[in-house]
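Chemist:
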Amino acid sequence: SAKENPSSVGPEEGTPPNEFTKDVIAGLTAPQKTLPCKYLYDEAGSRIFEQICELEDYYLTRTEAEIFSSHLPDIAKELGTGVTLIEPGAGNCEKAEPLLAIMESPEAYIPIDISPEILLGARARFEASQPELLVRPVIGDFTQMDRWGDEEPGNRQVVFFPGSTIGNFTHQQAQNLLQHFAAQMAPGDGLLLGVDLVKDSVVLERAYHDDRHVTEAFNKNLLRRINRELGADFDLDAFSHRAFYHPLRQRVEMHLVSLKDQQVRVADLSIPFLEGESIHTENSHKYTLESLASLLNKAGFQQKHYWTDTNNHYVICYAEI
Ligand code: AVJ
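Convert by adding 10 to the 1-based position in the sequence shown; the result is the number in full-length UniProt numbering.
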């Protein structure tokens with residue numbers, strides 16, 4: 011477990027339950043009801059998300075993987091030698107593995123995630139496939155973390171943030187997060203970012219409203235989690251999944267829409283819903299090459315290189331401070 015692992019720092023568990031209760035109550039009593047999207051990823055939610063990544067409609071994962079596999083040597087060369095690779099929200103670390111295998115003498119790999127099981131499993135995998143690589147998992151919430159390790163000064167660091175995770179943050183939050191990364195980096199350190207691009211709204215909306223209803227299950231699982239962990243009584247059939255592209259905000263919004271007037275008991279509150287009223291559960295911001303460059307510059311980074319797929323659906327970008 012995390013407790014027995016002397017090399018992990020940070021909280022032993024994920025978010026404590028009272029934090030979840032507080033966030034859920036605050037979100038459901040706001041004028042526009044909302045729930046933080048990080049809570050979509052309990053064990054069941056993480057499994058459903060993996061299914062999303064395999065959907066034909068969900069082009070993001072496949073496209074990012076395509077860009078990586080066509081440009082991996084190029085990307086590795088750009089990162090340089092003797093690098094410590096840090097991956098906030100690493101999950102199963104599957105994207106870093108081929109990258110580290112091709113990088114020139116990487117110093118260490120520091121995956122950060124709130125799930126100890128998944129990180130320790132990944133470390134075991136690396137021990138088999140890349141035994142010479144120092145892998146030091148850090149258990150915790152990367153948005154709350156002031157330090158991610160005690161690596162030797164002088165080693166170059168590259169922060170690896172793939173999967174368009176940055177899209178879950180508003181532009182201001184994304185800038186704050188990148189500045190938070192920058193505060194732990196030295197001049198010449200790098201950032202390797204995977205970002206979904208603005209495109210035809212039909213393509214975007216299909217990715218979040220897939221014809222196999224996997225994203226619907228992912229969204230509704232949040233209500234199931236609240237029922238289970240907070241003893242709430244959401245009727246999952248009384249809500250429908252909605253996802254739409256908002257062209258001005260350049261983001262896909264995910265909502266759960268109440269199909270009738272109803273009261274839902276959550277903790278010791280009774281939450282009223284009108285027919286058609288929604289809970290906003292996720293934002294997935296889309297960037298243009300220009301808006302991405304602007305975000306990076308505002309956060310103190312300079313873009314060095316980027317790689318896109320032939321459809322310009324997705325970009326992997328390397329920047330330095
Ligand atoms: C993991 C945040 C990149 O926004 O595309 C997938 C999450 N939500 N389908 C995304 C998600 C619905 C995903 N990110």
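C-beta: ideal position from N, C-alpha, C; glycine also. Please read all numbers here as calculations on a predicted model, not as lab measurements.
Closest by CA to Pro282, which one among Val267, Glu292, Asn293?
Modeler: Comparing Cα-Cα distances from Pro282 to each of Val267, Glu292, Asn293, the minimum goes to Val267.
Chemist: Cys327 bridges to which residues according to DSSP?
Modeler: According to DSSP, Cys327 bridges with Leu203, Tyr316.
Chemist: Quick one: what's Glu292 bridged to in DSSP?
Modeler: Met264, per the DSSP bridge assignment.
Chemist: Do the CB positions of Pro141 and Ala132 come within less than 8 angstroms of each other?
Modeler: In this structure, Ala132 does not lie closer than 8 angstroms to Pro141 by Cβ.
Chemist: If you draw a straight line from the alpha carbon of Asp271 to that of Glu285, how long is it in whole angstroms?
Modeler: Their Cα atoms are separated by approximately 5 angstroms.
Chemist: Output the distance between the C-alpha atoms of Ile96 and Met195, rounded to the nearest integer angstrom.
Modeler: Ile96 and Met195: Cα-Cα distance of roughly 11 angstroms.
Chemist: Identify every run of the beta strand (DSSP E) within the segment 104 to 133, keeping only runs that are complete inside it and at least 3 residues long; order them along the chain.
Modeler: You should have 118 to 123.
Chemist: When you compare only the Cα positions, how much space is there between Met155 and Ala118?
Modeler: Roughly 19 angstroms separates the two Cα atoms.
Chemist: Ligand 1 and Ile62: does the residue's C-beta get closer than 7 angstroms to at least one heavy atom of that ligand?
Modeler: Checking the Cβ of Ile62 against ligand 1 gives yes.
Chemist: Per DSSP, which one or two residues make a beta bridge with Arg234?
Modeler: Arg234 pairs with nothing; no bridge assigned.
Chemist: Taking buried to mean at least 16 other C-beta atoms within 10 Å of its own C-beta, is residue 2 buried or exposed?
Modeler: Not covered by the structure: residue 2. The range shown for the chain is 11 to 331.
Chemist: Skipping 5 residues on each side, what residues in its chain have a beta carbon closer than 6 angstroms to that of Trp317?
Modeler: Within the same chain, Trp317 has close Cβ partners Ile77, His81, Ile326.
Chemist: Where do the N-terminal and C-terminal ends of the alpha helix (DSSP H) with Arg57 fall, by residue?
Modeler: Residues 53 to 63.
Chemist: For a quick check, are the C-beta atoms of Arg275 and Asp319 less than 8 angstroms apart?
Modeler: In this structure, Asp319 does not lie closer than 8 angstroms to Arg275 by Cβ.
Chemist: Considering only C-alpha positions, which residue in the set Val212, Asn322, Leu306 is nearest to Tyr328?
Modeler: The option with the nearest alpha carbon to Tyr328 is Leu306.
Chemist: How many Å lie between Tyr297 and Arg259 at the Cα?
Modeler: About 10 angstroms.
Chemist: Going straight from the alpha carbon of Gly173 to that of Leu187, what length do you get?
Modeler: Taking the straight line joining both Cα atoms gives about 16 angstroms.
Chemist: Could you tell me the distance, in whole angstroms, from the CA atom of Glu170 to the CA atom of Pro98?
Modeler: Checking the displayed sequence, the identity of residue 170 turns out to be Phe instead of Glu. Each residue's alpha carbon lies about 7 angstroms from the other.
Chemist: Would you mind stating whether His290 and Lys43 have Cβ atoms separated by less than 8 angstroms?
Modeler: Their beta carbons are under 8 angstroms apart, which means His290 touches Lys43 by this criterion.
Chemist: What did DSSP end up calling Arg297 once you bin it into helix, strand or coil?
Modeler: According to the sequence shown, residue 297 is Tyr rather than Arg. If DSSP states are grouped into helix, strand and coil, Tyr297 belongs with the strands.
Chemist: Is Leu70 near ligand 1, in the sense that its beta carbon is under 7 angstroms from a heavy atom of that ligand?
Modeler: Correct: Leu70 has its Cβ closer than 7 angstroms to ligand 1.
Chemist: What residue range is occupied by the uninterrupted beta strand (DSSP E) comprising Ala253?
Modeler: Element bounds for Ala253: 249 to 256.
Chemist: Output needed for Asp278: all residues of its chain with C-beta closer than 7 angstroms, excluding positions within five of it in sequence on either side, in chain order.
Modeler: Once the five neighbours on either side are set aside, Asp278 has no close Cβ partner at all.
Chemist: Near Thr31, what residues of its chain come up, given a Cβ to Cβ distance below 7 angstroms and the 5 sequence neighbours on each side ignored?
Modeler: Cβ neighbours of Thr31 beyond the five flanking positions: Leu240, Ala277.
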